[in-house]
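Colleague:
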Amino acid sequence: EPITLESKEAFHLLNHSGAHLMASAILNLFPETKFAIGPAIEEGFYYDMDLGRNITDEDLKAIEKEMNKVISANPTFIRENISKEKALEVFKDNKFKTEIINELEDGTITLYHLGKFTDLCSGPHVESAVKLRNFKLLSFSSAYWRGDQKRETLQRIYGVIQSSKEKLEEHLKMLEDAKNRDHRKLGKEMDIFFTHPLIGAGLPLWLPAGATLKRLLERYIQDKEIALGYDHVYTPVLATTSLYKTSGHWDHYKDNMFPIMKMDNEELVLRPMNCPHHMLVYKNSLHSYKDLPIKIGELAHDFRYEASGALLGIERVRAMCQNDAHLFVRADQIEEEFSNVVKLILDVYKDMNITKYSFRLSLRDPKDTEKYFPDDNMWNKAEDKLRQVLNDLKIPYEEAIGEAAFYGPKLDVQIRTALNHELTLSTCQLDFLLPERFDLTYIDPKGEKARPVVLHRAILGTTERFTAYLLEETKGVLPTWLSPLQVVVLPVNNEYHLEYAKLVNGLLKDNNIRAKVDFRDEKLGYKIREHQMAKVPFTLVIGDKELNEKSVTYRVRGSREEINVPIKNFIKLLEEEIKSKR
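The opening residue of the sequence shown carries number 503 in the working numbering; numbering runs sequentially from there.
(1) Once DSSP output is grouped into helix, strand and coil, what is the label at R1084?
(2) With DSSP run on the structure shown, which of helix, strand or coil describes V1143?
(3) Assign K1047 to one of two classes, buried (16 or more other C-beta atoms within 10 Å of its C-beta) or exposed (fewer than that).
(4) I'd like to know whether the C-beta of L957 is nearer than 8 Å to at least one C-beta of chain C.
(5) Over the uninterrupted beta strand (DSSP E) stretch that includes K571, give me the two end residues.
(6) Which residues bound the beta strand (DSSP E) around H627?
(7) For Q931, does the count of other Cβ atoms within 10 angstroms reach 16, so buried, or fall short, so exposed?
(8) Tell me the start and end of each unbroken alpha helix (DSSP H) in the segment 962-997 that is at least 4 residues and wholly inside, in chain order.
(9) Provide the residue span of the alpha helix (DSSP H) that contains Q1034, from first to last.
(10) Can you give me the start and stop residues for the alpha helix (DSSP H) that I903 sits inside?
(11) Does the separation of the CB atoms of N517 and A542 fall below 8 Å?
(12) Starting from R862, follow its DSSP beta bridges and name the residues at the other end.
(13) Just to confirm the assignment: which complete beta strand (DSSP E) runs, minimum length 3, are found wholly within the segment 678-766?
(14) Looking at the structure shown, is R818 part of a helix, part of a strand, or coil, going by DSSP?
(15) How big is the Cα-Cα spacing for A802 and C777?
(16) By the 10 Å Cβ neighbour count, where 16 or more other Cβ atoms means buried, how is D933 classified, buried or exposed?
(17) Could you tell me the distance, in whole angstroms, from the CA atom of L700 to the CA atom of L772?
(18) If you count every other CB in all the chains shown that lies within 10 Å of the CB of P706, and 16 or more means buried, which is it?
(19) Going along the chain, which residues of its own chain have a beta-carbon closer than 6 Å to the beta-carbon of S624, five neighbours each way excluded?
(20) Along the chain, which unbroken stretches of the alpha helix (DSSP H) at least 4 residues long are found entirely within the segment 1035-1074?
(21) Helix, strand or coil: which one does DSSP assign to T600?
(22) Can you have a look at I1065 and say buried or exposed, based on whether 16 or more other CB atoms are within 10 angstroms of its CB?
(23) Just to confirm the assignment, what range does the alpha helix (DSSP H) spanning S526 have?
(24) Taking only the alpha-carbon atoms, compute the straight-line gap between I1030 and P710 and give it to the nearest angstrom.
(25) Quick check: what's the CA-CA separation for E1079 versus V979?
(26) Tell me, which residues are paired with H615 by DSSP?
(27) Return the CA-CA distance between K603 and L936, expressed in angstroms with no decimal places.
(28) Got a sec? Which residues, its chain only, sit under 7 Å from A975 by beta carbon, not counting five neighbours each side?
(29) Using the Cα positions of E769 and E839, report the straight-line distance between them to the nearest angstrom.
(30) Quick check: the Cα distance between A645 and R653, rounded to an integer number of angstroms?
(31) Can you list, in chain order, the residues of its chain with a C-beta nearer than 6 Å to that of A1003? Leave out the 5 residues immediately preceding and following it.
(32) Where does M775 land, buried or exposed, given buried means 16+ other C-beta within 10 angstroms?
(33) When we look at the beta-carbon of K912 and count the other beta-carbons within 10 Å, is it buried (16 or more) or exposed?
(34) Going by Cα to Cα distance, which pick from A525, I917, E950 is closest to A970?
(35) According to DSSP, is E1078 part of a helix, a strand, or is it coil?
(36) Helix, strand or coil, according to DSSP, for F840 in the structure here?
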């Protein structure tokens, strides 16, 4: 859980007050600082400010020292109610606060004072600063004012406060564990991916180990889909703007698309999603009611113009591979096929050992006529059908007004990463609108044209985000079936044991086991430790005993126990391990 050391309310109170404490100390050290906003967040608190320069590590230490001085004086938080006009006078030299005040309604505005620092704030706060003594400043970074990259660049300092020294230490250990789980750190250590400025931000390059992991995930989900009657296609990553104007995506998503490329008499864009392409795949043939459901899947490469500040390793990128599919169904098949998608999600989560997730039913906001197609009957029918399926499956869910796609409601599966980011991992969306826009039909039992309904669904979401989640959740200790390298074979002495080590390696590869021989001129103990640190599931040692008995001695990742077995027994053990997906 994100916060287990305090109730959320108590934790929020401490850290909301902590932002004021830090600002008070900064003002003592740097009197010309212009403060922007300083909220409490799930991980602690931060404050954005204009210092006139960049923060340094030395600044952070100095601010912590000054915060302790403020605490020693034990000032109290003093509340003051003033008019909007007076608030503008108080903050006349701070354009950030002035901007906020001008957006407030006329009337009473609340200020809080702590030492020399005064802030716009509605409270509440702890009674006095001494309650805030168990704090730690964590990091600093740049941040755009109001998250807008076109606005001022500010300095942001993060911190955390707990109610006791012991709870602070426990919290810092939790943060350190999260740091060690960061998929960017693991991706580098495990040679999964990297980025390079010559390629561009948000455009990862998958290294051999990462490419193997990516291929395993993609083959896994495609095999699942094929068993369920999906047909897979390939469609181009470019399309004309007319395609997205027909689908309706242009009005809603053009700001998330890369700029238009003009070729001859066409305007082309890199696609941000695949559904318009799949509508045309369906429309390419005539269909009978007996043919439905038709399930079209694709491992599709998409491109989205994400702001640089939103990019995060492979969790959030500008080029991605989406495990996408569209199910074209009759109205009487909606409940069954939607239920089958939910069952597939649960089946995949069982294989992947994903246990912490929640379902969110994303609905339209009836008041938002700009985003949502104005058809009350369509929306009510679609939302009721999704509720019915979830209720029949006895799946608990929360409803989220205003989170639906513009064409229909959707079921999102929410997870929280080891770094405490809430993400949508899987989704299934119900769509009555795009079949209308593309004039999709099938022939019903009466020989007349009827309109199909579309289920948009993504089980793994994007390979990039799913890989980031797996690395952080497992701390890089991937199950054997997903490990890019499953076995390392170590000859004790290359002169005597290398030939047999190569024979063992060949037998493993003949049985579709990913293995390699490490014949580097290094000490055996060093190589064993290195491969354990690299999280290779099995390490084999080949010496005189193994050569003479035609056996292997293996060590399981994370264990010091060495077990000697005939080679055929080891291969059988490994095949069972892989098949079971333990």
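The beta carbon of each residue, even a glycine, is placed where N, CA and C say it ideally should be.
Keep in mind the model is a prediction, meaning the values are calculated, not measured.
Modeller: Checking against the coordinates, here is how it stands:
(1) coil
(2) The structure shown does not extend to residue 1143, since the chain is modelled only from 503 to 1084, so the question has no answer here.
(3) exposed
(4) Considering every chain present, this structure includes no chain C. It has just one protein chain.
(5) Looking at the DSSP string, K571 is not in any beta strand (DSSP E); the run it does join, the alpha helix (DSSP H), is 559-575.
(6) Segment: none, H627 is in no beta strand (DSSP E) and carries neither H nor E.
(7) buried
(8) 965-976
(9) 1026-1035
(10) I903 -> not in any alpha helix (DSSP H); beta strand (DSSP E) instead, spanning 899-903.
(11) yes
(12) E900, D914
(13) 740-742, 763-765
(14) strand
(15) 10 Å
(16) buried
(17) 20 Å
(18) buried
(19) T612
(20) 1046-1051
(21) helix
(22) exposed
(23) 510-531
(24) 22 Å
(25) 15 Å
(26) I580, T620
(27) Note on identity: in this sequence residue 603 is Ile, with Lys being the wrong assignment. Each residue's alpha carbon lies about 44 Å from the other.
(28) The displayed chain sequence assigns Glu, not Ala, to residue 975. Once the five neighbours on either side are set aside, the close Cβ partners of E975 are A920.
(29) 37 Å
(30) 10 Å
(31) V991, P993, V1019, I1044
(32) buried
(33) buried
(34) I917
(35) helix
(36) helix
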